[in-house]
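First up is the structure itself, then whatever we jot down about it.
2 protein chains.
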Amino acid sequence: MEPLLVYPDPPPPALVQALELSGYPWKAVTTSSQAQQQEPDDGWSGAVVIADGDPEAAFALCRALRKRDLPLEPLMLLIGPSQMRDLELREDVFDDFCLQPFQPGELDARLKHLFWRAGRGTRPELVEYGPLVLNLETYQAAIDGNPLDLTYMEYELLKFLSSHPGKVFTREVLLSRVWGYEYYGGARTVDVHIRRLRAKLGEEHANLIHTVRSVGYRFGQSRWTI
Amino acid sequence: MEPLLVYPDPPPPALVQALELSGYPWKAVTTSSQAQQQEPDDGWSGAVVIADGDPEAAFALCRALRKRDLPLEPLMLLIGPSQMRDLELREDVFDDFCLQPFQPGELDARLKHLFWRAGRGTRPELVEYGPLVLNLETYQAAIDGNPLDLTYMEYELLKFLSSHPGKVFTREVLLSRVWGYEYYGGARTVDVHIRRLRAKLGEEHANLIHTVRSVGYRFGQSRWTI
DNA sequence: CCTGTTTGTGAACTGAGTGTGAAGCGCCGG
DNA sequence: CCGGCGCTTCACACTCAGTTCACAAACAGG
Chain A
1 MEPLLVYPDP PPPALVQALE LSGYPWKAVT TSSQAQQQEP DDGWSGAVVI
51 ADGDPEAAFA LCRALRKRDL PLEPLMLLIG PSQMRDLELR EDVFDDFCLQ
101 PFQPGELDAR LKHLFWRAGR GTRPELVEYG PLVLNLETYQ AAIDGNPLDL
151 TYMEYELLKF LSSHPGKVFT REVLLSRVWG YEYYGGARTV DVHIRRLRAK
201 LGEEHANLIH TVRSVGYRFG QSRWTI
Chain B
227 MEPLLVYPDP PPPALVQALE LSGYPWKAVT TSSQAQQQEP DDGWSGAVVI
277 ADGDPEAAFA LCRALRKRDL PLEPLMLLIG PSQMRDLELR EDVFDDFCLQ
327 PFQPGELDAR LKHLFWRAGR GTRPELVEYG PLVLNLETYQ AAIDGNPLDL
377 TYMEYELLKF LSSHPGKVFT REVLLSRVWG YEYYGGARTV DVHIRRLRAK
427 LGEEHANLIH TVRSVGYRFG QSRWTI
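Chains A and B are the protein sequences, given in the same order. In terms of the numbering used here, the first sequence opens at residue 1 and continues consecutively. In terms of the numbering used here, the second sequence opens at residue 227 and continues consecutively.
Have a look at this one:
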C-alpha cells in the first residue's frame, strides 16, 4: 500500500501512534511542494491533515491537493472543536474530519470507512471485469472506456456472464437464468445472442466469451489456466 | 426542507436539542414500516439513526433504507465508542457516523458536510442539469434561459428525473415516486407524460430523456461516466 | 354552473429487437 | 481422409415495447 500523506512534519505523537497501530504507512511533509516532490509513483493513497495547528497553511495544502489533475482522495482533516463552525463548505477540500483529541480507534474507523468508500465506489453499482464495466444503475456498458450500445437481452446476458467470470454455463442454464424460468426456446437463441455480443465487444475483446465445446459458454479466463 | 428521518422514537433529548438548534425538521419512527408510511411525498431528506441502543434493529433499518429503489441519503449513524470496530463495511449502509456522546456542534457540522456533498444543502431550491434549470420555490422551469410552460405533473416528473441524472427508472418506480400511489394499470400514463415533456423541451433537448428499452427512462448522462 | 385546461386511458401504429430454421464451417474421432 | 457433430453465421419473420393519437374524465377558476 502506498503511504498516506501526513501534515505537518513532525506529526503529534498521538497521530503517529494511531497510524502505526492501524498499520498505515505514512510520510510527513511540511510544505505543498514537498508533498509533490515526495509523492510515490502511484500517488499518495490518501492524506491526513492536522488543521488545529496552523489552519491557514493546512487549508491551503488541502486546496492544493484537491486542485490537481487527479484530486487527492480520501482526505481526512483533524480539527479542534472550535474550528467546526468555520469548516469551509464552499470548496470541496476534505472528505471527513475528526475532532481533536480523537478517541482511540475513531481515526482508524473513519479512515477505514473512507477507503472502503473510495475503493468499492459507494455510488454506482458496478460489475467490472478487466476492460469491461457495467453500470447497473444506468444500464450502461463500456469496454476500454468506450460505451457499448447493447440491447436489453444482450445487456442481461453480459451482466449474468460477467458477474460469474470463469464459470461455464450450459445453454439451458443461460436460458433459464437470463431469459427466465422454463423458457421454451431453442438453444440457437443463446448462440445468436453470444454472437451479437461478441460482435459488439469488438474483435479485440470477442474472446472474453469462450466457447466450451459440448458444454456451453464461459466468460473471462478460467481460474485453472496457467 | 423535507424532514429528517430519526430513529428511534422518542430520540434522546441531546439529539432533539441538537437538531432543533440547527434548525433541521425531523420525524422519529420506531419501525421500518413506519418509516415507509410516514415518508413525505418528496422523500426523507436524510436520516439519523441511533445505533447504540438496539444495534441489530438500527442496522436492519439502515439496510432497509438503502435497499429501496431510491436509496435514502445521507444517512448518519450515532454509535457508542465500543461499536466502532464492528462497523460493517461490507455493505454500504451509512455515509458518516458520530461518536456518542457527541460534542455540541459536531453533529451539525457533519450533517452540513453530508448535505453539502449530496448537493442539496447549499441551494435546495434549484435543480440544475446542463441547460435545464428548475426553481423549486417558484415552480418555474427554463431551458437555455427560455421559460418552459409545464403543467404540474410534467414539472414533478421532470423534477424527479433531473434530480437523479443518469439513473434509470422503471415506469412502476416513476408512478410510485412521482404520482405517489400504487397505480392500477396505466403504464402508458408515464409514456404520454414523457412524450409531452419531450415536446416541450424542444427538438434540441428532447434527447435529455432517454428511453431504455424494456426497462424504463433515464434523464441525461448519455455519455459514459464511471 | 359553465368553460378551458390538465390528466388518464384505450387503441392504432411503428420499428427495433428477438427467435428460428437452414446453410456454412471447423474440429475431432475413426 | 472422411464423416459427423456442434458451433457459427445468415437472412427473415414476427413479436412486443414504445410512440402517437384521439377522446373522455377530472379538475380548477371564474
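We treat Cβ as the ideally placed atom computed from N, Cα and C, and that holds for glycine.
Going by DSSP in three states, residue 191 of chain A sits in which element: helix, strand or coil? For the purposes of this step, residue 191 of chain A is identified with residue 191 of the first sequence, where counting begins at 1. Per DSSP, reduced to three states, the secondary structure at residue 191 of chain A is helical.
Decide yes or no for the touch test of the stretch 240–249 of chain B against the stretch 199–213 of chain A: beta carbon pairs closer than 8 Å, at least 3 of them. No, the stretch 240–249 of chain B is not in contact with the stretch 199–213 of chain A.
What's the gap between the Cα of residue 163 of chain A and the Cα of residue 379 of chain B? Translated into the one-based positions of the first sequence, residue 163 of chain A becomes position 163. Translated into the one-based positions of the second sequence, residue 379 of chain B becomes position 153. Taking the Cα positions, residue 163 of chain A is about 39 Å away from residue 379 of chain B.
Tell me which residues share the same chain as residue 373 of chain B and place their Cβ nearer than 8 Å to its Cβ, disregarding the 5 neighbours each side in the sequence. What you label residue 373 of chain B is simply residue 147 of the second sequence in a count that begins at 1. 366 and 367, listed in sequence order.
Nearest to residue 292 of chain B by alpha carbon, out of A:130, A:125, A:167 and A:175? The sequence position of residue 292 of chain B within the second sequence is 66, counting from 1. For residue 292 of chain B, the closest alpha carbon among the candidates A:130, A:125, A:167 and A:175 is that of A:125.
Would the beta-carbon of residue 165 of chain A fall within 7 Å of that of residue 129 of chain A? Numbered from 1 along the first sequence, position 165 holds the residue referred to as residue 165 of chain A. Numbered from 1 along the first sequence, position 129 holds the residue referred to as residue 129 of chain A. Result yes, Cβ atoms of residue 165 of chain A and residue 129 of chain A sit closer than 7 Å.
Nearest to residue 134 of chain A (by Cα), restricted to the options A:113, A:159 and A:149: Along the first sequence, one-based indexing puts residue 134 of chain A at 134. Of the candidates A:113, A:159 and A:149, the one whose C-alpha sits nearest the C-alpha of residue 134 of chain A is A:159.
Compute the Euclidean distance between the alpha carbons of residue 453 of chain B and residue 230 of chain B, then round it to the nearest angstrom. Look at the range of chain B in this structure, 227 to 452, and you will see that residue 453 of chain B is not part of it.
Can you give me the start and stop residues for the alpha helix (DSSP H) that residue 379 of chain B sits inside? For the purposes of this step, residue 379 of chain B is taken as the residue at position 153 of the second sequence. Judged by DSSP secondary structure, residue 379 of chain B falls within the alpha helix (DSSP H) whose first and last residues are 378–388.
Thinking C-beta only, is residue 329 of chain B closer than 7 Å to residue 8 of chain A? Start at 1 with the first residue of the first sequence, and residue 8 of chain A comes out as number 8. Start at 1 with the first residue of the second sequence, and residue 329 of chain B comes out as number 103. Contact flag unset, no.
Can you pull out the residues from the stretch 102–113 of chain A whose beta carbon lies closer than 7 Å to at least one beta carbon of chain B? Correct list: 103, 105, 106, 109, 112 and 113.
Using a beta-carbon distance below 7 Å, is residue 227 of chain B in contact with chain A? Here residue 227 of chain B corresponds to residue number 1 of the second sequence, with the count starting at 1. Answer no: the Cβ-Cβ gap between residue 227 of chain B and chain A never drops below 7 Å.
Name the chain B residues whose beta carbon is nearer than 7 Å to that of residue 84 of chain A? Numbered from 1 along the first sequence, position 84 holds the residue referred to as residue 84 of chain A. Within 7 Å Cβ-Cβ: 331, 332 and 335.
Local Cβ density within 10 Å of residue 336 of chain B, reported as buried at 16 or more and exposed below that: For the purposes of this step, residue 336 of chain B is taken as the residue at position 110 of the second sequence. It counts as buried.
Would residue 517 of chain B and residue 137 of chain A be called neighbours here (beta carbons separated by less than 7 Å)? Look at the range of chain B in this structure, 227 to 452, and you will see that residue 517 of chain B is not part of it.
Closest Cα partner of residue 257 of chain A within the set A:169, A:174 and A:145: Chain A is shown from 1 up to 226; residue 257 of chain A falls before or after that span and cannot be answered.
Whole-angstrom distance between residue 290 of chain B and residue 259 of chain B, CA atom to CA atom: To locate residue 259 of chain B, count along the second sequence from 1; it is residue 33. To locate residue 290 of chain B, count along the second sequence from 1; it is residue 64. Cα to Cα, the separation comes out at about 10 Å.
Between which residues of its own chain and residue 267 of chain B is the CB-CB distance below 8 Å, once the five residues before and five after are set aside? On the second sequence, residue 267 of chain B is found 41 positions in, with the first residue counted as 1. The residues 406, in chain order, have a CB closer than 8 Å to that of residue 267 of chain B in the same chain once the five nearest residues on each side in sequence are set aside.
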